[in-house]
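Going by this note's numbering, the sequence shown opens with residue 28, and the numbers climb by one from there. Cβ coordinates follow ideal geometry from the N, Cα and C atoms, glycine included. All of these numbers come straight from a predicted model, not from anything done at the bench. One structure below.
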Amino acid sequence: MNGIIKTFTDIMLFKKGPQDLPSSKTLLNVFIIANLLISFIPNDVNYNLGISFITSLIYVGASLFFIQTVLSVKENMSSTTGYRIRYVQSATSILGIHAFIGLITSLIFF
């Protein structure tokens, strides 16, 4: 676990990239669930649990769709292949960083 946290820290500091993460669907699912759970942390006086959860679902879905689309377009436009197989790593890094930043900001504004 410390290795994953160190890798995410290095990604946020631009020392490493998503390719340095393991291509694990389990890890991706952990960060999808983490993003959804973080949406339950109230960060506003007028906090609405349902709206926050729906917003988080839309964010996760839109992010996954955007990553898949961009990697597919890049693979179709270039002569090289292998962009689509990086989907899990790219999605894991984006959602993991979002979960980390979301947790920190939610705790600050709690």
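Where the alpha helix (DSSP H) through residue i begins and ends
i: residue 73; result: Looking at the DSSP string, residue 73 is not in any alpha helix (DSSP H), and its letter there is neither H nor E.
i: residue 32; result: 29-39
i: residue 121; result: 114-135
For residue i, the nearest candidate out of the options (CA to CA)
i: residue 136; options: 65, 123 and 102; result: 65
i: residue 119; options: 83, 104 and 90; result: 90
i: residue 88; options: 31, 60, 76 and 130; result: 60
i: residue 134; options: 71, 101, 107 and 83; result: 71
i: residue 121; options: 94, 83 and 78; result: 94
i: residue 47; options: 53, 35 and 79; result: 35
Beta-carbon proximity of residue i to residue j, cut-off 7 Å
i: residue 101; j: residue 114; result: no
i: residue 124; j: residue 39; result: yes
i: residue 62; j: residue 126; result: yes
Buried or exposed (CB count within 10 angstroms, at least 16 for buried), residue i
i: residue 163; result: Lying outside 28 to 137, the shown extent of the chain, residue 163 is not represented and no answer is given.
i: residue 105; result: exposed
i: residue 49; result: exposed
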